Amino acid sequence: MGRVVLVTGTSRDIGRRFARAAAGDPSIERVIGVDVVPPRGDIGDVSFVRADIRNPVIAKVLAKEDVDTVVHMSVIATPGSAGGRGTMKELNVIGSMQLLAACQKSTTVERLVVKSTTTVYGSSPRDPAMFTEDMGPKRLPSSGYAKDVYEIEGYVRGFARRRPDVDVTLIRAANVVGPHVVSPLTNYFRLPVIPRVLGFDPRLQFLHEDDLLRVLRHAAVTGAPGTFNVAGDGLLTLSQAVRRLGTPSVAMPRFAVGRLGATMRQARISDFSPEQLVFLTYGRGVDTTRMRTQLGFEPAYSTAAAFADFCRDLAPAPLEGAGRG
Amino acid sequence: MAEEARDAVVIPIGTGGRPGRGSGSARPSSAARNLAPSAKKPAVKPAVRPAAKKASAKKRPSGGGPATEVPRVKVADAPPFQDPAASGGPATVGAGEKVAGPPPRTGIPVGDWLAAAQGAAKDVFGDDWERRLAELMAFVRRRLEGDYEVDDYGFDRELTERFFMAALRPVAEKWFRLEVRGLENIPAEGGALVVSNHSGTVPLDGLMTMLAVHDNAHRFLRPLGADLVFKMPVVSSLARKGGATLACTEDAERMLSGGDLVGVWPEGFKGIGKPFSERYKLQRFGRGGFVSAALRTGVPIIPLSVVGAEEIYPLVGNVPSLARLLGVPYIPITPFFPWLGPLGMVPLPSKWILEFGEPIRTDSYDAAEAEDPMLVFNVTDQVRETIQHTLFDLLRERDGVFS
Chain A
1 MGRVVLVTGT
11 SRDIGRRFAR
21 AAAGDPSIER
31 VIGVDVVPPR
41 GDIGDVSFVR
51 ADIRNPVIAK
61 VLAKEDVDTV
71 VHMSVIATPG
81 SAGGRGTMKE
91 LNVIGSMQLL
101 AACQKSTTVE
111 RLVVKSTTTV
121 YGSSPRDPAM
131 FTEDMGPKRL
141 PSSGYAKDVY
151 EIEGYVRGFA
161 RRRPDVDVTL
171 IRAANVVGPH
181 VVSPLTNYFR
191 LPVIPRVLGF
201 DPRLQFLHED
211 DLLRVLRHAA
221 VTGAPGTFNV
231 AGDGLLTLSQ
241 AVRRLGTPSV
251 AMPRFAVGRL
261 GATMRQARIS
271 DFSPEQLVFL
281 TYGRGVDTTR
291 MRTQLGFEPA
301 YSTAAAFADF
311 CRDLAPAPLE
321 GAGRG
Chain B
1 MAEEARDAVV
11 IPIGTGGRPG
21 RGSGSARPSS
31 AARNLAPSAK
41 KPAVKPAVRP
51 AAKKASAKKR
61 PSGGGPATEV
71 PRVKVADAPP
81 FQDPAASGGP
91 ATVGAGEKVA
101 GPPPRTGIPV
111 GDWLAAAQGA
121 AKDVFGDDWE
131 RRLAELMAFV
141 RRRLEGDYEV
151 DDYGFDRELT
161 ERFFMAALRP
171 VAEKWFRLEV
181 RGLENIPAEG
191 GALVVSNHSG
201 TVPLDGLMTM
211 LAVHDNAHRF
221 LRPLGADLVF
231 KMPVVSSLAR
241 KGGATLACTE
251 DAERMLSGGD
261 LVGVWPEGFK
271 GIGKPFSERY
281 KLQRFGRGGF
291 VSAALRTGVP
301 IIPLSVVGAE
311 EIYPLVGNVP
321 SLARLLGVPY
331 IPITPFFPWL
341 GPLGMVPLPS
351 KWILEFGEPI
361 RTDSYDAAEA
371 EDPMLVFNVT
381 DQVRETIQHT
391 LFDLLRERDG
401 VFS
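In structure tokens:
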């Protein structure tokens, strides 16, 4: 029996590519892409439904198409083309709530895969070296992407409690890098001169975009319930990454980097949010033991290899896509 | 007496027949040069130039076109004023002899440079200097390209070994004259927890313990640091690169179960920031978190007593209000510190003794017993008493603070 997979957020590059890759999978019968705007690139065999997950129409789509697996990856990290922060929050939180409500009503859905991020752990000097899935952030995020994701994860846990018959997989992906990824972090690495916070050398963990697609497909096909950190093996420090990149960097006091980031955001050069500044000061590491033992997934790229692949394709910056989830 | 007299005779007074103002320098001043008899430069010059060109062209087959010739003639113009004494006095130097004199000095020959560089390299790196130099170059290249590994905690093994340890070694050996005892108590492999007293205003004792363990037991001691360490710029990145991580249960247990040798200073800021009058009196040992981490992972606890670190910066005062303002636990005042400026930051050269005590085994306990607070307190007290008594023994034994 083939599965019917519904993918949200297909207008963005990573969602579109996941939907396409899933459509090519023999164990998946049909893939339905959902988004407010049609995807820009080739979506292959994916049938696209133009729907807004912020309103109850999505429940009808679930029922009509006999969807049994929902892959939710429309949580966006930056307002980007969506508009302001208010729109972003509505898209992320209200959209997720509506989708979960639709899933709860649905009789066909057996599996839910939510793409979350390790940003929920935050960054602080009090952090342990490696976060396991059971740990929470040392300080609750007060704004931005991290807060959205934290709230969405709360709703997802609530859904898992109310519908114990549905396998809920929460994938907390490390910062995704790759030739096609457009995210605040990849934009940061694409700057001609990279500003660094003076006196701090954060530890970074990366996940290659191909590995992200693979782990989502793995979760959609095998269905291992639980929360999993997903990241490439090993760590890079920011200074190491910058040297491997070969871009000049300049170390500045933290307040100066913050000011510069605010200016760049206003000038729309780069999205340099306060939470990213904290991340680039203290860094973060996550433990991926459970990814191996329970989820049974092995990333093809280590952190260093993923970053090397990103470095190789750095020169022609892609223009498609509006931001990563 | 006679020798002295002869010496006195040869002391030159005046110019010794050379043009100049009697400054004693071989090279006369430009004013004196103008006065010298052979200074008919403007008149002679036109005649000299072609001759010099021809002569040098004949003499040196390597001399090529005019492009290389012009500078050489200029050089040849100058020497007559420099070494007239060598060629028998200024009066005898004619215009024609300028080119016939000794060849102009062009600096130290390349061969000599090479020999000097080779000698220097041998002095610095020893006999196998070529290999060592190549290693150093490779190290520098790796650092610049970011082609090195860090572990999960950000520990940069190569940098620590080649740079931090090398920088600390002379301080430990020459300044504090570290004496390390009880090395057999450090296990050669597997996880272990080194628990030490903390003192000295600035946590130099931690650094010295890391060096002592590395040089004598050939293992890396992974220190657990307070969160303030990871909040401070520069210090935080150095700490992570040097192998430290945050003193929290998660990290301690992760390191210990990973088979690392972990160092902990449970007194914390109460220990290093205590006044000089309370030296060698152990403070409260935290909440015993280190003991429950050791119990849960079943690793031995090695008590370490450090004598000598208390005297490096005798803390006689504190500025609590300024400390609160800056968000640090204390602002040290020593007999030297703010008064002598940077000089006051030089630690006093006390003699240090590090004694590793017999390991306290925890593998006989069940992991579940780590939840028993009474047991945790008892083991904490046992460790504390051991260190305190060893400290008293060492103090009785030592002759003086600086000897």
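Chains as they are written, first to last, in UniProt numbering: chain A, 1 to 325; chain B, 1 to 403.
Cβ coordinates follow ideal geometry from the N, Cα and C atoms, glycine included.
Quick caveat, the model's predicted, so the values are computed rather than measured.
Item	Value
Closer than 7 Å to chain A by CB, Lys-40 of chain B	Here the model assigns Lys-40 of chain B a pLDDT of 48, short of 50, so the residue's position is not dependable, and the following value carries that caveat. For Lys-40 of chain B, the answer is no, since every Cβ of chain A falls outside 7 Å of its Cβ.
Interfacial residues, the segment 259-289 of chain A to chain B, with Cβ spacing under 7 Å	Gly-285
Cβ contact check for the segment 261-269 of chain B and the segment 217-227 of chain B: 3 or more pairs under 8 Å	yes
Presumed contact (8 Å Cβ cut-off) between Glu-65 of chain A and Val-156 of chain A, rounded CB distance	With a Cβ gap of about 22 Å, Glu-65 of chain A and Val-156 of chain A do not count as contacting.
Within 7 Å, strictly: CB atoms of Val-194 of chain B and Ser-292 of chain B	no
Short CB-CB distance (under 7 Å) between Phe-230 of chain B and chain D	Reference to chain D is not applicable here, since the protein chains of this structure are A and B.
Alpha helix (DSSP H) runs wholly inside the UniProt domain "Phospholipid/glycerol acyltransferase" (192-309) of chain B, at least 4 long, in chain order	204-212, 227-231, 235-241, 249-257, 269-272, 289-297
Amino acids of chain B, ordered along the chain, whose beta-carbon sits closer than 9 Å to that of Pro-128 of chain A	Thr-245, Leu-246, Cys-248, Thr-249, Glu-250, Asp-251, Arg-254
Below-7 Å beta-carbon distance, Pro-233 of chain B vs any chain A residue	yes
Length at least 3, wholly inside the segment 238-304 of chain A: the beta strand (DSSP E) runs in chain order	249-252
CB contact below 7 Å: Asp-260 of chain B versus chain A	no
Three-state secondary structure assigned by DSSP to Asp-393 of chain B	helix
Segment contact, 8 Å Cβ cut-off, at least three pairs: the segment 238-252 of chain A with the segment 89-98 of chain A	no
Nearest-angstrom beta carbon gap, Asn-175 of chain A and Leu-140 of chain A [assumed within contact, 8 Å]	Incorrect: roughly 21 Å between the Cβ atoms, too far for contact.
Within 7 Å, strictly: CB atoms of Met-130 of chain A and Gly-285 of chain A	yes
Own chain residues within Cβ distance below 8 Å of Leu-277 of chain A, not counting five before or after	Val-197, Arg-254, Val-257, Gly-258, Gly-261
Per-residue contacts from Ala-231 of chain A into chain B (C-beta, under 9 Å)	Result: empty, since nearest Cβ-Cβ is about 11 Å, beyond 9 Å.
Thr-92 of chain B - DSSP class collapsed to helix/strand/coil	In this predicted model, Thr-92 of chain B has a pLDDT of only 42, less than 50, meaning its place in the structure is not dependable enough to derive any value.
Own chain partners of Asp-77 of chain B with C-beta closer than 7 Å, once the 5 adjacent residues on each side are dropped	At Asp-77 of chain B the pLDDT is 46, less than 50, meaning the model places this residue with poor confidence; the figure from the coordinates comes in the next sentence. Nothing listed; no residue qualifies.
Distance between Glu-179 of chain B and Leu-207 of chain B (C-alpha atoms, nearest Å)	15 Å
Completely contained beta strand (DSSP E) runs for the segment 116-185 of chain B, where each covers 3 or more residues	179-181
Straight-line Cα distance separating Ala-173 of chain A from Asn-378 of chain B	43 Å
Partner residues on chain B for Thr-293 of chain A, Cβ-Cβ distance less than 8 Å	In chain order: nothing, as chain B lies at least about 15 Å away.
Sheet register partners of Gly-226 of chain A (DSSP bridge)	A:Thr-169
is_contact[Leu-235 of chain A, chain B] using C-beta, thresh 7 Å	yes
Own chain, CB closer than 6 Å to Leu-212 of chain A, minus 5 neighbours either side, in chain order	Ala-173, Val-176
Ala-231 of chain A vs Gln-294 of chain A beta-carbon contact at 7 Å	no
Cross-strand partners of His-72 of chain A (DSSP beta bridge)	A:Thr-8, A:Val-114
Where the beta strand (DSSP E) containing residue 326 of chain A begins and where it ends	Because chain A is modelled from 1 through 325, residue 326 of chain A falls outside the range shown and cannot be assessed.
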